[in-house]
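Residue numbers 13 to 307, in the numbering used here, belong to the letters of the sequence shown in order. Positions of the beta carbon are idealized from the N, C-alpha and C atoms, including for glycine. First up is the structure itself, then whatever we jot down about it.
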Amino acid sequence: MVEGGFEVAIRLPMSLGESPVWSAQSQTLYWVDINRGHIYAWQPASGEPPDRFDLEEKVGCVALCEDGLLAAQASGVERLTFPLGSRRVRLADNPEWRAGGGNRFNDGRCDPSGRFWVGTLAADEATPSAALYCLTDGELTQRRSAITIANGLAFSPDRQWLYHADSPTRRIMRYPFDVSTGTMGDAEVWVDLDRHDLPGVPDGAAVDSDGNYWCALYGGSQIVKFAADGRWLESHALPCPDPTMVAFGGADLRTLYVTTATQHLDDTGLERYPLAGSLFSMPVTTPGLPEPVVA
Ligand code: BGC
Ligand code: CA
Numbered sequence: 013m014v015e016g017g018f019e020v021a022i023r024l025p026m027s028l029g030e031s032p033v034w035s036a037q038s039q040t041l042y043w044v045d046i047n048r049g050h051i052y053a054w055q056p057a058s059g060e061p062p063d064r065f066d067l068e069e070k071v072g073c074v075a076l077c078e079d080g081l082l083a084a085q086a087s088g089v090e091r092l093t094f095p096l097g098s099r100r101v102r103l104a105d106n107p108e109w110r111a112g113g114g115n116r117f118n119d120g121r122c123d124p125s126g127r128f129w130v131g132t133l134a135a136d137e138a139t140p141s142a143a144l145y146c147l148t149d150g151e152l153t154q155r156r157s158a159i160t161i162a163n164g165l166a167f168s169p170d171r172q173w174l175y176h177a178d179s180p181t182r183r184i185m186r187y188p189f190d191v192s193t194g195t196m197g198d199a200e201v202w203v204d205l206d207r208h209d210l211p212g213v214p215d216g217a218a219v220d221s222d223g224n225y226w227c228a229l230y231g232g233s234q235i236v237k238f239a240a241d242g243r244w245l246e247s248h249a250l251p252c253p254d255p256t257m258v259a260f261g262g263a264d265l266r267t268l269y270v271t272t273a274t275q276h277l278d279d280t281g282l283e284r285y286p287l288a289g290s291l292f293s294m295p296v297t298t299p300g301l302p303e304p305v306v307a
């Protein structure tokens with residue numbers, strides 16, 4: 013059963029909205045439009061529209077830093093100081109990038125120890141030439157390879173599991189995780205969308221304080237909630253086909269924000285789903301976890 017509950021938080025015509033991240037410190041929601049290289053910053057309590065900072069390249073995701081944001085742009089990871097972009101420092105190059113093309117950075121997030129994890133996306137979105145990386149102490153190391161579209165990165169509240177999805181496989185994997193060393197154990201199929209008869213592919217996700225995994229189903233018009241043991245719990249419909257990622261925000265972390273995309277809609281699709289590309293929100297009962305800050 014699919015129930016709704018989402019409303020438009022900010023109406024936008026984003027191409028590929030992604031990577032919502034809530035800063036508890038500044039009560040600000042950040043997110044990106046990957047394809048346009050835009051970073052948005054919005055304080056819901058201010059009553060003001062979001063601010064936007066434009067980069068020269070696509071930007072897969074952002075993470076929180078003490079005095080700014082980390083931005084995984086197509087060609088590499090940069091640290092942007094507040095006010096955004098007042099200072100920019102290149103931290104790591106994307107080893108899969110080459111001038112004019114290659115696999116860009118995609119989904120990423122900070123682990124509870126302050127390491128930044130980020131995956132890539134195969135340029136043709138079809139060959140498993142992408143990978144998952146971890147950036148720690150200024151060094152980017154490859155942790156998994158043979159991925160096509162890296163997505164769904166999240167950590168369980170007890171820090172025992174790292175979740176990850178290669179979207180086209182329609183499976184969400186989990187790996188035993190050692191938070192003190194950042195080591196991953198062997199992969200285990202945790203959720204298989206085929207077995208649940210769910211539509212679309214697993215995209216971005218966030219875990220709440222009970223350990224439930226909330227996942228956007230790109231092409232599936234819904235956000236799905238799975239229990240820590242992999243059981244399907246709820247589906248929440250959206251008025252557009254391509255939700256991309258979720259984040260818990262608001263003063264009590266009880267607002268679920270969702271970014272969406274228009275990149276795969278033709279004119280008929282855009283007419284049929286006029287709210288596609290917007291930022292959506294829905295109140296939830298179980299709060300999220302505060303997003304860690306990059307060390
Ligand atoms: C990628 C998109 C892709 C989507 C669904 C996103 O993370 O950035 O390009 O279409 O996942 O696989
Ligand atoms: Ca994604």
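From which residue to which residue does the beta strand (DSSP E) around residue i run?
| i | result |
| --- | --- |
| E246 | W244 to A249 |
| T298 | Neither: T298 is in no beta strand (DSSP E) and is coded neither H nor E. |
| L81 | G80 to Q85 |
| T153 | E151 to I159 |
| R183 | R183 to D190 |
| C146 | A142 to T148 |
| I235 | Q234 to F238 |
| P255 | P255 to G261 |
| L265 | Element bounds for L265: n/a, residue is neither H nor E. |
| C122 | R116 to C122 |
| L41 | T40 to D45 |
| L67 | Segment: none, L67 is in no beta strand (DSSP E) and carries neither H nor E. |
| V219 | V213 to V219 |
| F167 | A162 to F167 |
| G223 | No beta strand (DSSP E) holds G223; DSSP gives it neither H nor E. |
| D178 | W173 to D178 |
| L103 | R99 to D105 |
| E19 | E19 to I22 |
Nearer than 7 Å: is that true of the beta carbon of residue i relative to any heavy atom of ligand 2?
| i | result |
| --- | --- |
| D119 | yes |
| G112 | no |
| T256 | yes |
| E303 | no |
| E30 | yes |
| G17 | no |
| G232 | no |
| G289 | no |
| G194 | no |
| G216 | yes |
Quick one: give me the first and last residue of the alpha helix (DSSP H) that residue i is part of.
| i | result |
| --- | --- |
| R127 | Run containing R127: none; DSSP gives neither H nor E here. |
| L205 | L205 to H208 |
| E30 | First-last for E30: G29 to S35, but that is the beta strand (DSSP E), not the alpha helix (DSSP H). |
| G72 | First-last for G72: V71 to C77, but that is the beta strand (DSSP E), not the alpha helix (DSSP H). |
| T280 | D279 to R284 |
Quick check on the burial criterion: 16 or more other C-beta atoms within 10 angstroms. Buried or exposed for residue i?
| i | result |
| --- | --- |
| D149 | exposed |
| T40 | buried |
| D254 | buried |
| E303 | buried |
| E151 | exposed |
| M13 | Caution applies to M13, whose pLDDT of 45 falls short of 50 and renders its modelled position unreliable; the model cannot decide the point. |
| E108 | buried |
| V219 | buried |
| W245 | This sequence places Leu at residue 245; Trp is not what is there. So L245 ends up on the exposed side. |
| T193 | exposed |
| R243 | exposed |
| A307 | exposed |
| G131 | buried |
| V201 | exposed |
| S87 | buried |
| P95 | exposed |
Any heavy atom of ligand 1 inside 7 Å of the beta-carbon of residue i?
| i | result |
| --- | --- |
| V308 | Any question about residue 308 goes unanswered here, given that the chain covers just 13 to 307. |
| I161 | yes |
| I184 | no |
| Y225 | no |
| I235 | no |
| L229 | no |
| L277 | no |
| L210 | no |
| S179 | yes |
| L133 | yes |
| I46 | yes |
Comparing the CB of residue i with every heavy atom of ligand 3, is any distance shorter than 7 Å?
| i | result |
| --- | --- |
| I51 | As presented, the structure is devoid of ligand 3, carrying ligand 1 and ligand 2 as its sole ligands. |
Closer than 8 Å, CB to CB, is residue i near chain C or not?
| i | result |
| --- | --- |
| P188 | Of the chains in the structure shown, none is chain C; there is only one protein chain. |
Handout entry: Segment contact flag, the stretch 228–241 with the stretch 261–281, C-beta cutoff 8 Å, min 3 pairs
Key = yes
Problem - Cβ contact (3+ pairs, closer than 8 Å) linking the stretch 21–35 and the stretch 61–80 - result: yes
Practice task
May I ask you to verify whether the stretch 153–165 touches the stretch 82–94, counting CB pairs closer than 8 Å and requiring at least 3?
Solution key: no
Handout entry: Touching by the beta-carbon criterion (3+ pairs, under 8 Å), the stretch 201–216 and the stretch 282–290
Key = no
Practice task
Taking 8 Å as the threshold, find out whether the stretch 249–264 comes into contact with the stretch 165–182 through three or more Cβ pairs.
Solution key: no
Handout entry: Segment contact, 8 Å Cβ cut-off, at least three pairs: the stretch 120–140 with the stretch 50–59
Key = no
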